[in-house]
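Using my numbering, you'd call the opening residue of the sequence shown number 3 and step up by one each time.
Heads up, the beta-carbon is just placed ideally off N, CA and C, and yes, glycines get one too.
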Amino acid sequence: MDCLECKKNIIPYLRYELDDEALNDFMNHIDECESCREDLEIYYLVTEGVGVLDNRDTDYNLSKAFSRRLSDSKSYIKRLCIRRTLSYAADTVSFWALFVISIMYIRMLIL
Ligand SMILES: [Zn+2]
Numbered sequence: 003m004d005c006l007e008c009k010k011n012i013i014p015y016l017r018y019e020l021d022d023e024a025l026n027d028f029m030n031h032i033d034e035c036e037s038c039r040e041d042l043e044i045y046y047l048v049t050e051g052v053g054v055l056d057n058r059d060t061d062y063n064l065s066k067a068f069s070r071r072l073s074d075s076k077s078y079i080k081r082l083c084i085r086r087t088l089s090y091a092a093d094t095v096s097f098w099a100l101f102v103i104s105i106m107y108i109r110m111l112i113l
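Dropping the structure here:
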C-alpha cells in the first residue's frame with residue numbers, strides 16, 4: 003500500500019469499514035510510514051475530539067485512546083493471522099488423515 007492509498011483509507015479505518023485484508027495492509031503501512039501515521043492521528047484527534055466535546059467528558063485522553071485504537075487493530079490482525087494459521091493447519095491435517103485412510107482402505111481391498 004502506498005501513501006495515497008493509505009490516506010484514502012484513513013476515514014474508512016476510523017469508521018471500522020476496512021475489510022481484514024485492507025486493515026492488514028493499512029496497519030503495516032502505518033507502522034512504517036511516519037507521515038501517514040501523523041495524518042491518521044490528526045484525523046483521529048479531530049473526529050474523536052468532536053465526539054468528546056459533545057459528551058463533555060473532560061477527563062478523556064485522546065492520545066491514549068489513539069494508541070489504544072492502534073493497539074486494538076494490531077491485536078485484531080494478530081488474532082486473524084493465528085486463526086488463519088490454525089485453519090490452514092487443520093485443513094492440512096484433515097487432508098493427510100483422509101489420504102492415509104484412503105490408502106489403507108485401498109490396501110485392504112487389494113489384499
Ligand atoms: Zn505513507
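- A direct Cα-Cα distance of roughly 9 Å separates Tyr62 from Gly51.
- Asp93 carries a helical assignment under DSSP once its states are collapsed to helix, strand and coil.
- Check the Cα spacing between Phe28 and each of Arg86, Ile44, Leu6, Thr49: the tightest is with Leu6.
- Straight across, the Cα-Cα distance linking Ser75 with Thr94 is about 29 Å.
- In the DSSP annotation of this structure, the continuous segment of the alpha helix (DSSP H) that includes Glu7 starts and ends at 5–10.
- Between Tyr45 and Ile12, the C-beta gap is smaller than 8 Å, which places the two residues in contact.
- If you look at Asp22, you'll find it in the alpha helix (DSSP H) that goes 22–34.
- DSSP, read as helix, strand or coil, puts Arg17 in coil.
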